Amino acid sequence: MQGYGNNGYGRVPGEARGLREQARQYALLPLRVFLGVTFIYAGLDKLTDSAFLSANGAGSLGEQMRGIRDSAGAPWLVDLALHSPVGFGYALALGELAVGIGTLLGLWGRIAALGGALISLSLWLTVSWQATPYYYGNDLAYLMAWLPLLLAGSGPFSLDTLLPPRRRRSM
Numbered sequence: 006m007q008g009y010g011n012n013g014y015g016r017v018p019g020e021a022r023g024l025r026e027q028a029r030q031y032a033l034l035p036l037r038v039f040l041g042v043t044f045i046y047a048g049l050d051k052l053t054d055s056a057f058l059s060a061n062g063a064g065s066l067g068e069q070m071r072g073i074r075d076s077a078g079a080p081w082l083v084d085l086a087l088h089s090p091v092g093f094g095y096a097l098a099l100g101e102l103a104v105g106i107g108t109l110l111g112l113w114g115r116i117a118a119l120g121g122a123l124i125s126l127s128l129w130l131t132v133s134w135q136a137t138p139y140y141y142g143n144d145l146a147y148l149m150a151w152l153p154l155l156l157a158g159s160g161p162f163s164l165d166t167l168l169p170p171r172r173r174r175s176m
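Rendered as structure tokens:
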């Protein structure tokens, strides 16, 4: 069998390398789809929840921020949000929506991943900081999930691959 190019496992050596390369090329695609869909959903959920986009009352962002202020890892971020809870709620929801759309479409993928990482970092330092043990808080896991997309970019099936490459200007 060895004389016929078979490696003993039913494939020729070149085929295995091709499959590995394809797997490597598409490895971040499921993560990109998951994060994109999740952030689009999170943004739309906030935008359609009238209780969330209120300064006061049950379920409002203002009430949530006041409730976590003393246990937050970065209370100054909570104080910043409390200056205008409704404005902050809209900014957060629209930011999540923009990050989700950019990530899902692969448009300005690294910028979208940076936005997602910053949103996740701010939520980890405020909302889920008090989770004990730390792995109960999901925002840290989202932060870590954004890092490979930040480092590697959008990859295949993205609008970034369709955009013309930037040309360096000669000086």
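The opening residue of the sequence shown carries number 6 in the numbering used here; numbering runs sequentially from there. By construction, the Cβ of each residue, glycine as well, lies at the ideal position given by its N, Cα and C atoms. This one's a predicted model, so the numbers in the text were calculated from it and none came from an experiment.
8 Å Cβ cutoff met for residue i and residue j
i: residue 125; j: residue 148; result: yes
i: residue 37; j: residue 111; result: yes
i: residue 64; j: residue 56; result: yes
i: residue 67; j: residue 90; result: yes
i: residue 51; j: residue 87; result: no
i: residue 177; j: residue 169; result: This structure cannot settle anything about residue 177, because the visible part of the chain is limited to 6 through 176.
i: residue 48; j: residue 92; result: no
Cα-Cα separation between residue i and residue j, rounded to whole angstroms
i: residue 82; j: residue 114; result: 26 Å
i: residue 12; j: residue 151; result: Below a pLDDT of 50, predicted positions are generally treated as unreliable, and residue 12, at 45, falls in that range; no measurement from the model is reported.
i: residue 59; j: residue 71; result: 13 Å
i: residue 163; j: residue 129; result: 28 Å
i: residue 137; j: residue 54; result: 28 Å
i: residue 166; j: residue 74; result: 43 Å
i: residue 79; j: residue 158; result: 29 Å
i: residue 127; j: residue 121; result: 10 Å
i: residue 135; j: residue 28; result: 38 Å
i: residue 156; j: residue 33; result: 11 Å
i: residue 24; j: residue 35; result: 17 Å
i: residue 144; j: residue 84; result: 19 Å
i: residue 116; j: residue 69; result: 29 Å
i: residue 123; j: residue 26; result: 31 Å
i: residue 146; j: residue 95; result: 24 Å
i: residue 133; j: residue 40; result: 18 Å
Expected contact under 8 Å - CB spacing of residue i and residue j to nearest Å
i: residue 118; j: residue 108; result: 7 Å
Cutoff 8 Å: residue i Cβ touching any chain D Cβ
i: residue 167; result: Among the chains of the structure shown, chain D does not appear; only one protein chain is present.
**Report entry** Contact the segment 91-104 vs the segment 44-58: 3+ CB pairs below 8 Å
**Finding:** yes
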